[in-house]
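Undergrad: Going by full-length UniProt numbering, the first residue of the sequence shown is number 1, and it counts up by one from there. Virtual Cβ for every residue (Gly too), placed ideally from N, Cα, C. As the structure is a computational prediction, the values presented were derived from the model and not from experiment. The following block contains the structure, expressed as C-alpha cells.
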Amino acid sequence: MPVPRFWRQITNRYNLIGTRCENCDEVFFPPRHVCPICRRIGKLEPYQLKGRGKIVSHTTVHVSPKGFEDEAPYSVAIIKLDEGPRVTGQITDCDPEEIQIGDEVEVTFRHVREDGESGVIYYGYKFRPV
Ligand SMILES: [Zn+2]
C-alpha cells in the first residue's frame, strides 16, 4: 500500500490530527467542524499537531478499569499542547510520583490493549517526559 494512502486511513486516535481555523489561527483537538470563535466565517483545515506540550494537572490511578489491571498505578495528565489545545493522556516511561506540573512531554504511540477474542490490537497515544 502506498504510504500516503496508508496515512489517510489513520484516524486521530493514532495520530494527533486536529483542525486549524484559517481565519483566527486557533487550533482544535479533537478536530472540530466549526470554529467556535469565528462561526460561519471560519474555515477549518486538518492540522497535524507536533505532540509536545506541558503538564497542567495530573493524577495517579491506582485502580484501573477492567482490561488495564496490569497498568496500575499509572498517571493521567492534562497536557497543554504547544499549539494551544489541551488533551488528556496517560504518562508513560516514568515514575508517577515524579511527575510535576510544568513538565515537558511528547506524544508516543503505544499498544493500549489486546482483545483476545477478536485478535484486535488497539493503539493510541500516550505521553512521556522529554
Ligand atoms: Zn476561527
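1. Please look up how many angstroms separate the CB atoms of Ala-77 and His-58, rounded, as I've assumed it's under 8 Å.
2. Can you give me the start and stop residues for the beta strand (DSSP E) that Ala-77 sits inside?
3. From the DSSP output, in three-state form, read off Asp-95 for me.
4. Given a cut-off of 7 Å, decide if Gly-51 and Val-107 are closer than it, judged by their beta-carbon atoms.
5. May I ask you to check if the CB of Glu-104 is nearer than 6 Å to at least one heavy atom of ligand 1?
TA: A quick look at the data gives this:
1. As a position in the sequence shown, residue 77 is number 77, starting the count at 1. As a position in the sequence shown, residue 58 is number 58, starting the count at 1. Confirmed, about 4 Å.
2. Numbered from 1 along the sequence shown, position 77 holds the residue referred to as residue 77. That run of the beta strand (DSSP E) goes 74 to 81.
3. On the sequence shown, position 95 is the one that residue 95 refers to. If DSSP states are grouped into helix, strand and coil, Asp-95 belongs with coil.
4. By 1-based counting over the sequence shown, the position of residue 107 is 107. By 1-based counting over the sequence shown, the position of residue 51 is 51. Going by C-beta atoms, Val-107 is nearer than 7 Å to Gly-51.
5. Taking the sequence shown and counting its residues from 1, one reaches residue 104 at position 104. Answer for Glu-104: no, Cβ out of range of ligand 1.
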